[in-house]
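Structure first, commentary second.
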Amino acid sequence: MARPRQFDEESVLEAAGEIFWSRGYEATSTRDLTDRMGLTHASLYNAFGDKRGLYLKALKHYLDRNLHSRIARMEATYSPGLTIVGYFHEVVERSLADAEHRGCLLVNTALEARSEDPEMLGIVADETAEIEAFFLRSVAAAQASGEIPANQPPEDIARLLLSVQFGLRVLVRVRPERELMNGIVRPVMAMLTLPWPLPDSNPDG
């Protein structure tokens, strides 16, 4: 009979995600992980198979707690147009508040993923498609309601917003500057006739 796990999987995945996020997949050693997670090598391999298996589970945990929950929260809180504004507001604020300037684990994975690992590339591609679909829903609904102009195909705008998000998350790792971030997002929102920053937010964070 298999022995029950003697650890809380959510806490372990949170700890693993933090170190992968800080150091990257390749630079993180198994020793780094076991030290941070409080597990033995045997426990790590029994539970997750190997470092790569742990990384994929930690990435899913990160996406569920951050990206997916953010999209659901924004769509439940704001009008379609302000959903876009609120989403980018949170991206900027969280990026600037991170003292380590780690960017986004999904974007970092995209930068590290190699052609010889099609599964990891596929996961990243699927997640970017999910973000694009979120932007497309928001743009199409905002155009239908008259909240933003309908002079551009919603598919093109969704792809533009996707590229802006990825650009922000890469740049913040080397230039964590509020004016740089605002200067990237502001003209995009102006093109969509949306406010920036989010109404009733503190522009200084």
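Counting in my numbering, the sequence shown tops out at residue 207, every number present. Quick reminder that beta carbons are idealized off the backbone N, C-alpha and C, glycines included. Just so we're clear, the structure is a prediction, and the values are computed from it rather than from any experiment.
In three-state DSSP terms, what is residue i?
i       : result
Trp-198 : coil
Thr-85  : helix
Asp-100 : coil
Asn-68  : helix
Arg-116 : coil
Leu-41  : coil
Thr-30  : coil
Ile-150 : coil
Glu-77  : helix
Val-176 : coil
Asp-2   : Beyond the ends of the chain as shown, which are 3 and 207, falls residue 2; an answer cannot be given.
Asp-158 : helix
Asp-128 : helix
Gly-19  : helix
Asn-185 : It should be pointed out that residue 185 corresponds to Gly in this sequence rather than to Asn. Note: Gly-185 maps to helix in three-state DSSP.
Gly-105 : coil
Could you say which of the options lies nearest to residue i if we only look at CA atoms?
i       : options                             : result
Leu-58  : Leu-15, Ser-31, Leu-69 and Thr-79   : Leu-15
Val-109 : Ile-86, His-70, Asn-153 and Phe-168 : Phe-168
Glu-114 : Asp-202, Ala-49, Gln-145 and Arg-54 : Arg-54
His-103 : Thr-85, Gly-26 and Ala-142          : Gly-26
Arg-38  : Asn-48, Ser-24 and Gly-51           : Ser-24
Glu-121 : Leu-61, Ala-29, Ala-146 and Glu-11  : Leu-61
Leu-162 : Ile-133, Arg-180 and Leu-182        : Ile-133
Quick check on residue i: buried or exposed, where buried means 16 or more other Cβ atoms within 10 Å of its Cβ?
i       : result
Thr-111 : buried
Gly-105 : buried
Thr-195 : exposed
Ala-78  : exposed
Gly-88  : buried
Ala-135 : exposed
Thr-32  : exposed
Pro-156 : buried
Gly-19  : buried
Val-187 : buried
Verify the CB distance criterion: does residue i have a CB-CB separation below 9 Å to chain C?
i       : result
Pro-197 : Absent here is chain C; the protein component of the structure consists of one chain.
Contact the segment 34-49 vs the segment 121-130: 3+ CB pairs below 8 Å
no
Taking one C-beta from the segment 132-151 and one from the segment 171-183 each time, how about it: are there three or more such pairs within less than 8 Å?
no
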